[in-house]
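K.L.:
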Amino acid sequence: MAGGDSSALADLYDRHARAIYSLALRILADAAEAEDVVQDVFTQAWRQATRYDAARAPVAGWLMIMARARSLDRLRRRRARISTTEMDPAMPHPRDPEIDQETLAITREQAERLRGAIGVLPDVHRTAIELAYYEGLSQTDIAARLQQPLGTVKTRIRTGLLKLRDVLSGRVQS
Amino acid sequence: MTHDELRELTGGYALGALGEQERRAFEAHLATCVECAREVGEFATVANGLALAVPQVDPPAALRARVLNAVLSEESARVDPMPFPQPPVRVRPSALPVWLATAAALAAVALGLYSLNLRERISRLEEDLRLANARAAGVERELQVARAAVPRTSNARQIATVLDAPDVRTIDLLGQKNAPAATGRVYWSPTRGLVFTASNLPAPSVGRQYQLWVIPLGGSPVSAGMLDLEGGGLTMALVDSTIASRVGTVAVTLEPAGGVPQPTSDPVLAGTW
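If you're matching them up, the sequences are chains A and B in order.
Quick note: the first sequence uses my numbering, first residue 6, plus one each step.
Quick note: the second sequence uses my numbering, first residue 28, plus one each step.
Next up, the structure:
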């Protein structure tokens, strides 16, 4: 990718556009906006391409984190337009290129396993995690939305993630 | 907050769902707590999995041309990026006990999670800068670690040449079932050669020796030499670019002392580029 020639860009698109589009569609539930996210992500990636050496780090994790951040930006702008109340400036997803390299690389097979595991999480755990990850809500927002105490929401998110972690690391089967 | 209360925040932190005050309190805690830092690191991996765990949908075919054209037209219009800043000076890894260095690294990683996004919301340009910094610092740290491991031999200059190559990349090697604790790393430059390091390799029985193999994509293994172990199952090797110009997989097998033309046993350590 470094060097930024057009065939490398096309290659990058062919490998990752589907995953980016799918995540954006999940978050935004709007095909036109999801397409815009794909364009945003590749524009941003390309802007950094000359400095980000894909040979050193798998680029997939980096692209997906940008995809989530750009999607949540749009989701929050949309909410701000339809809401008269001030939005909680919840954080977009964290990213760090060193994490991408060392920790965030997960295989297709692991993603598949995780998908199965999410499906069998208890509803209360899954809902809390999904509201945080795919809707960008803070734990406080989630507590209000679900009408549950904040402490309960914190515990549900952590417990759910611990279960998913165990599935991902192969400690337990989903 | 007690430790148990703080630990309840690992999940929210990894998903970016803490309020500002909690986030600050938790980040202060992370700097000193290896347990929470490790958990945040694991959850960051799960979060990345969540990105891929959604139903997969093909984007419209027309989007491809639209995106490629838009990106490339912007590319041609943009000005040159600012020059690289020097990477910040980091604590030398050797100055810390291993567990503490690990804790510090994990905490640094965890602490880095939010700051980047705050900047992203302020200015994309600033994010560019931090990404470049983080990458440069990460590479610099790897080089420091690798250089510290290099004995002062006549190979040192050649090893440094590989580590400093503009096209250097890393391949992590994992211990296989007959040596699960073994780990290895390869620094590979297609133009300058390959530096191999490994640790925790079990001592070979009498008359046996580890042999290093470079396996090009779709090709047969090429011997890259015999490996002698130091204490701690440590070993390293330097491989000439004539052998290492095309690398698919790097592997280590246990063979009769002196080596064999082709591997005769399963790898004890292997990694694929």
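The C-beta atom is built at its ideal place from N, Cα and C for all residues, glycine as well.
Which residues in chain B have a C-beta closer than 8 Å to the C-beta of GLN115 (chain A)? List them in chain order.
P.N.:
Correct list: GLY76.
K.L.:
Identify the continuous beta strand (DSSP E) that holds GLN49 (chain A) and give its terminal residues.
P.N.:
First-last for GLN49 (chain A): 36–52, but that is the alpha helix (DSSP H), not the beta strand (DSSP E).
K.L.:
So what does DSSP say about VAL98 (chain B), is it helix, strand or coil?
P.N.:
VAL98 (chain B): helix per DSSP, three-state reduction.
K.L.:
What are the start and end residues of the alpha helix (DSSP H) that includes GLY252 (chain B)?
P.N.:
Premise fails: GLY252 (chain B) lies in the beta strand (DSSP E), 249–254, not in any alpha helix (DSSP H).
K.L.:
Looking at the strands, I want to know which residues DSSP matches up with GLY257 (chain B).
P.N.:
For clarity, residue 257 (chain B) is Glu in the given sequence; the question names Gly instead. DSSP output for GLU257 (chain B) lists B:LEU261 as bridge partner(s).
K.L.:
Please list, in chain order, the chain A residues whose beta carbon lies closer than 7 Å to that of PHE70 (chain B).
P.N.:
Those are LEU166, ARG170, listed as they occur along chain A.
K.L.:
What is the residue span of the beta strand (DSSP E) that TYR237 (chain B) lies within?
P.N.:
Its beta strand (DSSP E) spans residues 235–242.
K.L.:
Can you name the residues of chain B whose CB is closer than 8 Å to the CB of VAL129 (chain A)?
P.N.:
Correct list: empty, because the minimum Cβ distance to chain B is about 13 Å.
K.L.:
Are the region 29–42 of chain B and the region 52–67 of chain B in contact at 8 Å, needing three or more beta carbon pairs?
P.N.:
Cβ pair count under 8 Å is three or more, so yes.
K.L.:
Decide if VAL287 (chain B) is buried, meaning its Cβ has at least 16 other Cβ atoms within 10 Å, or exposed.
P.N.:
With fewer than 16 Cβ atoms within 10 Å of its Cβ, VAL287 (chain B) is classed as exposed.
K.L.:
Which of the residues in the region 42–55 of chain B, read from start to end, lie with their CB under 9 Å from any CB of chain A?
P.N.:
Residues LEU42, GLY43, ALA44, LEU45, GLY46, GLU47, GLU49, ARG50.
K.L.:
Select from the region 10–39 of chain A all residues with a C-beta closer than 7 Å to any C-beta belonging to chain B, and list them in chain order.
P.N.:
Going along the region 10–39 of chain A in chain order, one finds SER11, LEU14, ALA15, TYR18, ALA22, ARG23, ALA24, TYR26, SER27, LEU28, LEU30, ARG31 with a Cβ nearer than 7 Å to chain B.
K.L.:
Pick helix, strand or coil for TYR214 (chain B), following the three-state DSSP scheme.
P.N.:
TYR214 (chain B) falls in the strand class under three-state DSSP.
K.L.:
If you measure from the beta carbon of PRO99 (chain A) to each beta carbon in chain B, is any gap under 8 Å?
P.N.:
Annotation note: pLDDT 39 at PRO99 (chain A) (below 50); position unreliable, coordinate value reported separately. Chain B, which has a Cβ nearer than 8 Å to the Cβ of PRO99 (chain A), makes this yes.
K.L.:
Over the uninterrupted beta strand (DSSP E) stretch that includes THR197 (chain B), give me the two end residues.
P.N.:
Taken as a continuous stretch (DSSP letters only), the beta strand (DSSP E) holding THR197 (chain B) covers 196–202.
K.L.:
Report yes if the CB atom of VAL222 (chain B) is closer than 8 Å to the CB atom of LEU190 (chain B), and no otherwise.
P.N.:
Against a cut-off of 8 Å, the Cβ pair of LEU190 (chain B) and VAL222 (chain B) comes out as a contact.
K.L.:
Which residues in the same chain have their Cβ closer than 7 Å to the Cβ of SER272 (chain B), if we skip the five residues on either side of it in sequence?
P.N.:
Hits under 7 Å: PRO217.
K.L.:
So for LEU221 (chain B), helix, strand or coil by DSSP?
P.N.:
If DSSP states are grouped into helix, strand and coil, LEU221 (chain B) belongs with the strands.
K.L.:
To the nearest angstrom, report how far apart GLN236 (chain B) and PRO283 (chain B) are at their CA atoms.
P.N.:
Roughly 6 Å between the two C-alpha positions.
K.L.:
Count the other C-beta atoms from every protein chain shown that fall within 10 angstroms of the C-beta of THR180 (chain B), then say buried if there are 16 or more, exposed otherwise.
P.N.:
Summary for THR180 (chain B): the model assigns pLDDT 44, below 50, so the residue's position carries little reliability, and this model does not support an answer.
K.L.:
Looking only at C-alpha atoms, which of B:CYS63, B:ALA187, B:HIS56, B:LEU281 sits nearest to LEU256 (chain B)?
P.N.:
Selected option, being the one with the closest Cα: B:LEU281.
K.L.:
For ALA278 (chain B), name the three-state secondary structure that DSSP assigns.
P.N.:
ALA278 (chain B): strand per DSSP, three-state reduction.
K.L.:
Taking Cβ-Cβ distances shorter than 9 Å, what residues in chain B pair up with LEU119 (chain A)?
P.N.:
Going along chain B in sequence order, the residues near LEU119 (chain A) (Cβ under 9 Å) are VAL73, GLY76, LEU77, LEU79, ALA80.
K.L.:
Identify the continuous beta strand (DSSP E) that holds ALA297 (chain B) and give its terminal residues.
P.N.:
From DSSP, the beta strand (DSSP E) with ALA297 (chain B) extends over 294–299.
K.L.:
Roughly how many whole angstroms lie between the Cα atoms of PRO207 (chain B) and ARG120 (chain A)?
P.N.:
One C-alpha to the other measures close to 28 Å.
K.L.:
Comparing the C-beta of LEU33 (chain B) with each C-beta of chain A, is any distance below 8 Å?
P.N.:
Judged by the 8 Å Cβ criterion, LEU33 (chain B) is not in contact with chain A.
K.L.:
Contact criterion: CB-CB distance below 8 Å. Does LEU173 (chain A) meet it with respect to chain B?
P.N.:
For LEU173 (chain A), the answer is yes, since a Cβ of chain B falls inside 8 Å of its Cβ.
K.L.:
Spatial neighbours of PRO229 (chain B) within its chain, please: C-beta separation below 7 Å, excluding the five flanking residues on both sides.
P.N.:
Hits under 7 Å: ALA206, GLY260.
K.L.:
For THR224 (chain B), is the classification buried or exposed, using 16 other Cβ atoms within 10 angstroms of its Cβ as the cut-off for buried?
P.N.:
The residue is buried, with at least 16 neighbouring Cβ atoms inside 10 Å.
K.L.:
Chain B partners of THR160 (chain A), CB-CB under 9 Å?
P.N.:
Result: GLU35, GLY38.
K.L.:
Counting only Cβ-Cβ distances shorter than 9 Å, please list the residues of the region 235–250 of chain B near chain A, keeping chain order.
P.N.:
Hits within the stretch: zero.
K.L.:
Whole angstroms is fine: what's the gap from ALA72 (chain A)'s alpha carbon to PRO82 (chain B)'s?
P.N.:
Rounded to whole angstroms, ALA72 (chain A) to PRO82 (chain B) spans 15 Å at the Cα level.
K.L.:
Please report the straight-line C-alpha distance between LEU33 (chain A) and LEU77 (chain B), rounded to a whole angstrom.
P.N.:
Taking the straight line joining both Cα atoms gives about 15 Å.
K.L.:
From ALA137 (chain A) to LEU126 (chain A), what does the alpha carbon distance come to, in whole angstroms?
P.N.:
Roughly 15 Å between the two C-alpha positions.
K.L.:
Kindly say whether ARG73 (chain A), judged by its beta-carbon, lies nearer than 8 Å to any beta-carbon of chain B.
P.N.:
Yes, ARG73 (chain A) counts as interfacial toward chain B.
K.L.:
Within 8 Å of any Cβ in chain B, is that where the Cβ of GLN144 (chain A) sits?
P.N.:
Yes - at least one Cβ of chain B is within 8 Å of the one on GLN144 (chain A).
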